[in-house]
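For reference, the structure is listed below as structure tokens.
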Ligand SMILES: Cc1cc2nc3c(=O)[nH]c(=O)nc-3n(C[C@H](O)[C@H](O)[C@H](O)COP(=O)(O)O)c2cc1C
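Residue numbers (the working numbering): 658 to 791.
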């Protein structure tokens with residue numbers, strides 16, 4: 658049994674990009690059902706399950722997270738080619754998703770968060786001796 662006081666998140670691939678495949682409307686319906694079963698948060702990706710072509714670009718999967726959030730009325734995580742703090746702010750502050758997850762960008766640059774938010778309080782205390790001082 659999952660503890661009531663812990664959040665439960667489910668990741669779905671929202672769209673197969675194939676005729677007869679899973680669509681965002683299927684994903685909205687699945688998300689509504691998962692919400693009824695007590696899921697708190699949907700992590701919305703797309704493709705990846707079957708060979709298909711899709712147009713890739715910054716934030717290309719955000720509209721899927723946005724549709725699930727608005728139509729299934731459940732908080733979402735947006736993912737996929739989100740690499741700039743500006744895009745993160747655009748997504749979160751416009752209410753398109755509740756969270757943003759970065760994958761490959763954090764593999765390329767594990768210090769991405771510190772560079773995006775250089776303010777001292779964001780640094781883990783163990784790192785603070787390394788803060789650049791003028
Ligand atoms: C090394 C690696 C392994 C991944 N493994 C999984 C996985 O097991 N399941 C999954 O749903 N997505 C997986 N992904 C996809 C990521 O979770 C993420 O959705 C994807 O990389 C797009 O986000 P990004 O552009 O920020 O990397 C993986 C990505 C990478 C780079």
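Just so you know, even glycine gets a beta-carbon here, dropped at the ideal spot from N, CA and C.
Pairwise C-alpha distance: residue j and residue i
| i | j | result |
| --- | --- | --- |
| residue 774 | residue 763 | 14 Å |
| residue 732 | residue 693 | 13 Å |
| residue 677 | residue 669 | 17 Å |
| residue 770 | residue 790 | 18 Å |
| residue 730 | residue 720 | 14 Å |
| residue 781 | residue 746 | 22 Å |
| residue 734 | residue 697 | 11 Å |
| residue 758 | residue 739 | 8 Å |
| residue 756 | residue 723 | 11 Å |
Bridge partners - residue i, DSSP secondary structure assignment
| i | result |
| --- | --- |
| residue 667 | 699 |
| residue 756 | 734 |
Expected contact under 8 Å - CB spacing of residue i and residue j to nearest Å
| i | j | result |
| --- | --- | --- |
| residue 684 | residue 725 | 6 Å |
| residue 706 | residue 673 | 6 Å |
| residue 737 | residue 716 | 7 Å |
Distance cut-off 6 Å: residue i Cβ against heavy atoms of ligand 1
| i | result |
| --- | --- |
| residue 706 | no |
| residue 785 | no |
| residue 759 | yes |
| residue 691 | no |
| residue 666 | no |
| residue 725 | no |
| residue 737 | yes |
| residue 703 | no |
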